[in-house]
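First up is the structure itself, then whatever we jot down about it.
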């Protein structure tokens, strides 16, 4: 059931990025002419209406009156689709807002691009709503279901969500298309699990394939196309039985369930990572790790250790500041080659995002840009942080090894050279990961990350932002 006005009122975004409801008079008049029995009702049945509108749009000769225009049937459907697109974005906000900071206003510019023009200029570009309508088959699904599916698989929306660590595929679909050999490689190379742990997970996945995936393939051969659902209790029991009879492993159905969830989470995190998202890390006391590597040569060891750590922290901050400044200046020079305005927009956007915690949508308005994704591309924060990370490691490693000569002998430094670099790399990664996590929830953070604190200091001192 749906509100009838959704067939002539279009949800769209203005150039400022603000949501707006536009009533299309010709679509309203058309709808009231062809569906007089439903034109004044608050609730209607969508299926028949959408089938008829689709037919009239695609086969104008079937219109009930020769004076009617099939374009208006198309506009009625585009209006309905616009409401469904917004609803998908609202649902994603409700699902991911608290943990990932996703808002509907961030998502709409990526997918809501239909203007509702009656006389369109000749253009090869098709809005997402028109793509949805062109590919819609009213005999196969409802327009709401088809819109939901197409929006959730939209490339730009998926790229945006991946940057925030969201991969919108069910655990069961992930497990279905992962081969045991792939899993073994990921668990051993990426997660560095022991051979015994890797083998155990591989056996669990094999049991899943032998039962769930096998039955799933049989269902698809009969025309069943429903999305992957969680395994049933009976299927878990069948997996446990497979492990017992085929591999001589006594594992309960409950443990199989738990292990499959664990494997799916590992695979999900890995897929997010290789597609450009963040990878979870375990926080550790890295100052202490550096300290443990340096064998203090003096008898008053405790005093010199404290002095060494103080020196280390000072050098770390100095290198971080210098590197942030260097990378920021490099970016500005690159933008200035194109236009001075781009360079100024970059600095302002950097300040608004990191120092004031404003969203990409809010920044877009202040910069006079049409959509938040333009700000995302302008800042390119992932590449910015990667450049800082790379240059910081080079600078910091040389400085640490140089001043460490005052606290230990040369031979000891040679022995731990690689370990120092690894420890520094780990600490730098933690700083960058903290900044990435903050950027995913920019408006929810009352405390800025160390990266943002030092960046804001440089923007204030060096660029007057």
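In this note's numbering, the protein residues as written are 4 to 468.
For each residue, glycine too, the CB sits at the ideal point set by N, CA and C.
Keep in mind that this is a model prediction, so the values were computed, not measured.
| query | result |
| --- | --- |
| Stretch-stretch touch, CB-based, cutoff 8 Å, three pairs: the region 69 to 84 with the region 16 to 36 | yes |
| Counted within 10 angstroms of its Cβ, other Cβ atoms place residue 57 as buried (16 or more) or exposed | buried |
| When 20, 207 and 29 are compared against residue 8, the one with the closest alpha-carbon | 29 |
| Contact under 8 Å by Cβ, residue 455 with residue 439 | no |
| Simplified DSSP state of residue 366, which is helix, strand or coil | helix |
| Unbroken alpha helix (DSSP H) run spanning residue 262, endpoints | 256 to 277 |
| Range covered by the beta strand (DSSP E) that runs through residue 24 | 22 to 26 |
| Beta-bridge partners of residue 13, as assigned by DSSP | 25 |
| CB contact flag (residue 348, residue 112, <8 Å) | no |
| Separation of residue 84 from residue 358, as counted between CA atoms | 38 Å |
| Burial state of residue 105, where buried means 16 or more other Cβ atoms lie within 10 Å | buried |
| Same chain only: Cβ atoms within 7 Å of residue 254, ignoring 5 sequence neighbours per side | 243 and 246 |
| Three-way DSSP call (helix, strand, coil) for residue 306 in this model | Residue placement at residue 306 cannot be trusted, given a pLDDT of 49 that sits under 50; what the coordinates show is reported in the next sentence. Correct three-state label for residue 306: helix. |
| Whole-number beta carbon distance between residue 270 and residue 189, since they are thought to touch under 8 Å | 7 Å |
| Contact belief for residue 178 with residue 204 at Cβ below 8 Å, rounded distance in angstroms | About 11 Å separates the two Cβ atoms, so there is no contact after all. |
| For residue 466, the nearest candidate out of 351, 214 and 436 (CA to CA) | 351 |
| Enclosing alpha helix (DSSP H) for residue 177 [first to last residue] | 174 to 179 |
| Among 392, 381 and 110, the one whose alpha carbon lies nearest that of residue 354 | 381 |
| Beta-carbon gap between residue 3 and residue 193 smaller than 8 Å | Within the shown structure, residues of the chain are numbered from 4 to 468, placing residue 3 beyond reach of any answer. |
| Cα-Cα separation, residue 109 to residue 176 | 27 Å |
| With 16 other Cβ atoms within 10 Å as the buried cut-off, status of residue 267 | buried |
| Span of the alpha helix (DSSP H) around residue 242 | 236 to 250 |
| Coarse secondary structure for residue 169, derived from DSSP in three states | coil |
| As assigned by DSSP and simplified to three states, the class of residue 476 | Since the first residue of the chain shown is 4 and the last is 468, residue 476 is not available in this structure. |
| Classification of residue 371 by the beta-carbon crowding that lies within 10 angstroms, buried from 16 upward | exposed |
| Cβ neighbour criterion (16 or more within 10 Å) applied to residue 223 | exposed |
| Contact set for residue 234: own chain, Cβ-Cβ below 6 Å, skip 5 residues either direction | 215 |
| Beta-carbon contacts of residue 328 that lie in its chain and below 8 Å, excluding the five residues immediately before and after | 461 and 465 |
| Straight-line Cα distance separating residue 430 from residue 289 | Model confidence at residue 289 stands at a pLDDT of 42, short of 50, so the residue's coordinates are unreliable; what they give is reported in the following sentence. Distance between the alpha carbons of residue 289 and residue 430 is about 6 Å. |
| Simplified DSSP assignment, three categories, for residue 429 | helix |
| Residue 332, DSSP secondary structure in three states | helix |
| Buried versus exposed call for residue 389 [16 or more other C-beta atoms within 10 Å across all chains shown] | exposed |
| Minimum C-alpha distance to residue 23 - residue among 31, 275 and 13 | 13 |
| Buried or exposed (CB count within 10 angstroms, at least 16 for buried), residue 319 | buried |
| Residues near residue 159 by beta carbon distance below 6 Å, same chain, minus five either side | 113 |
| Endpoints, alpha helix (DSSP H) assigned at residue 140 | Counting along the chain, residue 140 falls outside any alpha helix (DSSP H), and DSSP gives it neither H nor E. |
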